[in-house]
Every structure is written in C-alpha cells, then in structure tokens.
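Per this note's numbering, the very first residue in the sequence shown carries number 2; after that it's consecutive. Accompanying notes for the structure given below.
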Amino acid sequence: MEVRPLVDSEDILAEVFTEGPGEDPKYLLLPDGPLTAGPEPHEVRLAEATCTEGCCGALYVTIRRDSDHVIWSEWRNPDEDNVDLPEFRFDAQEYQTEVERAVADHSWEWPARTVARLLELDLRERAGWLARWECELGGVSAWLWEPDQINLFLFHPDRSAIGEDRPWLQFRMVLDVSSDDPESQAARLAEQLAAGDPRQTAEVCGGSPEYARQLGYPWPQRRRA
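If you want it as structure tokens, here you go:
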C-alpha cells in the first residue's frame, strides 16, 4: 500500500520516480505528521526504490509554510543529479484540510490492516510493558498477501543498539486475525501481549548469530529447500 500525491489530478511520482512505490500511509498519513507544514522547512521522503534507497534511490521533497501558502520544493533523489519537478505552492488552508481528510480516511484498509494500526497505537501507549522486558516496539505490519495474520516486530534491548555497535536482536511475532470487529481484536491482542514477556513467543528474525549468542538466544536455522 502506498501514498501517491496528486497535484491538479496528476500523479507527480509517475514521471520522475519509477524505481519503487510511494511511502506507506503509516509513515505519511499521521496526525501532525510529515505532510503537515510548519514555519520550519522539513524534508519528507515520498518514495523509495524497491531494492532500498541505498541501491537505486528515493524521492524527497522539502515542505514549508510561507504565510498563506504551503510550498513543496527542493526535490531530491540521492541516486540522481536532478529531479525534474517544479516548486509547488498550495493554499495553506485548503492544503491542511486535504491532509487532515487523508489522515482520517481509513476506508481503504482491509481488516488485518486496521487491526495492525490499532494494535500498534495501543502498544505504543504501553511503553512500560516493553521496557520491563528490555524491548522496543519496531512496528505492526499487515500485508495484502497475508490477509489472516499480522506481524509484530520488536527490538531487544532497543533500536538504538544498532547505531551504537551494541548487541541487538529483532524479534517477529505472527498473530492470527479474522474479519471480526478490528477494535475488539486489537484490544484483545494488546491485553494478551501485555500479560507476559513477548520474547517467549516470538522468533528471532534479525541481528546476527554472534549477537544472539551474547544475548542468550538461539539463532534460527535456515530452512533447506
């Protein structure tokens, strides 16, 4: 699932970036999120190459508010010298109304996606539960090709260990979902998860064999074809 910005009904990504999809709504369509314009300019990634930004690039824009207008400018792709897009100016009130409409619209979600979004919101309010087990929430994802499950990702001891050259592991937990009421499912799953140590039922999916040894966890064996 991706966000495709339209300017005067034109898909502005279509002509200048074909290496991958637009950003996932969970990263762009947030209350007071990246698309919200303020007096201080800030850069937003709108799309990333399927093979990752470091391989084939990404598309960035700088967003700022200037009096009664919101300006999109300073287009950038780390993999290209220039991005052939002009500066766009929007009426600030109309722009904010449209951003708020997009943020509030969840009609495109399928049941598992809604459960994942609500569960992640709930778990982020329970920081004490994860801190007790030396974990940090990575995210909760749902994919179209897996309509009956969601995936919860955790970092142990925390995400900052990656950049600080400390031992770390990523855990993945697969949770079954159904077409039942998403709010009820998310609340039930949150209560079940918060009742214990999530590492006991999750599987290691990231880090390294050496980090797993240092932290006292078995490294998953690759399945043979």
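All residues carry an ideal CB built from backbone N, CA and C; glycine is no exception.
Could you check the C-alpha separation between residue i and residue j for me, to the nearest Å?
{"i": "GLU81", "j": "LEU190", "result": "44 Å"}
{"i": "ALA226", "j": "TRP146", "result": "The predicted model places ALA226 with a pLDDT of 46, which falls under 50 and marks its position as unreliable, so this point remains unresolved."}
{"i": "VAL104", "j": "ARG200", "result": "33 Å"}
{"i": "THR202", "j": "LEU31", "result": "30 Å"}
{"i": "ASN152", "j": "THR115", "result": "13 Å"}
{"i": "VAL178", "j": "PRO26", "result": "21 Å"}
{"i": "PRO158", "j": "GLY207", "result": "13 Å"}
{"i": "THR19", "j": "ALA196", "result": "45 Å"}
{"i": "TRP1", "j": "LEU194", "result": "Any property of residue 1 remains undetermined from this structure, which presents the chain solely from 2 to 226."}
{"i": "MET2", "j": "TRP109", "result": "9 Å"}
{"i": "SER74", "j": "LEU216", "result": "46 Å"}
{"i": "LEU124", "j": "TRP144", "result": "19 Å"}
{"i": "ARG214", "j": "TRP220", "result": "8 Å"}
{"i": "TRP134", "j": "ASP198", "result": "6 Å"}
{"i": "LEU138", "j": "TRP130", "result": "10 Å"}
{"i": "GLU211", "j": "ASN83", "result": "42 Å"}
{"i": "THR63", "j": "TRP111", "result": "31 Å"}
{"i": "TYR218", "j": "ILE163", "result": "17 Å"}
{"i": "GLU126", "j": "ALA117", "result": "14 Å"}
{"i": "ARG185", "j": "LEU119", "result": "For the sequence presented, residue 185 should be read as Ser rather than Arg. Going by the C-alpha atoms only, they are around 10 Å apart."}
{"i": "SER10", "j": "GLU99", "result": "13 Å"}
{"i": "ASP106", "j": "THR37", "result": "16 Å"}
{"i": "ASP69", "j": "ARG90", "result": "10 Å"}
Tell me which residue opens and which closes the beta strand (DSSP E) that residue i is part of.
{"i": "ARG46", "result": "43-49"}
{"i": "GLY207", "result": "204-207"}
{"i": "ARG90", "result": "89-92"}
Starting from the Cα of residue i, find the closest Cα among the options and give me that residue.
{"i": "THR51", "options": "LEU138, GLY21, ASN78", "result": "GLY21"}
{"i": "ALA132", "options": "PHE156, PRO148, PRO35, VAL8", "result": "PHE156"}
{"i": "ASP33", "options": "VAL175, PRO87, ARG167, GLN97", "result": "GLN97"}
{"i": "VAL175", "options": "GLY140, PRO87, SER161, PRO183", "result": "GLY140"}
{"i": "GLU41", "options": "ILE13, GLY58, VAL71", "result": "VAL71"}
{"i": "PRO230", "options": "GLN222, PRO35, GLU121, LEU86", "result": "Outside the shown range of the chain (2 to 226) lies residue 230, about which nothing can therefore be said."}
{"i": "ALA56", "options": "ASN78, LEU47, PRO35, SER68", "result": "The question names Ala, but residue 56 in the sequence shown is Cys. Comparing Cα-Cα distances from CYS56 to each of ASN78, LEU47, PRO35, SER68, the minimum goes to ASN78."}
Tell me, to the nearest whole angstrom, how far the beta carbon of residue i is from that of residue j; I am working on the premise that it is less than 8 Å.
{"i": "GLY39", "j": "ARG5", "result": "At roughly 24 Å, the Cβ-Cβ gap does not stay under 8 Å, so GLY39 and ARG5 are not in contact."}
{"i": "PHE172", "j": "GLU204", "result": "7 Å"}
{"i": "GLN150", "j": "ALA188", "result": "Not confirmed; about 18 Å, so no contact."}
{"i": "LEU60", "j": "LEU14", "result": "7 Å"}
Starting from residue i and walking both ways along the alpha helix (DSSP H), at which residues does that stretch end?
{"i": "ILE163", "result": "161-164"}
{"i": "ARG189", "result": "183-195"}
{"i": "ARG214", "result": "210-216"}
{"i": "PRO26", "result": "26-29"}
Can you list, in chain order, the stretches of the beta strand (DSSP E) that have 3 or more residues and sit fully within the stretch 53-83?
-> 59-67, 70-77
In the stretch 101-180, which residue ranges form an unbroken alpha helix (DSSP H) of at least 4 residues, counting only runs that do not cross its ends?
-> Correct list: 112-125, 128-133, 161-164.
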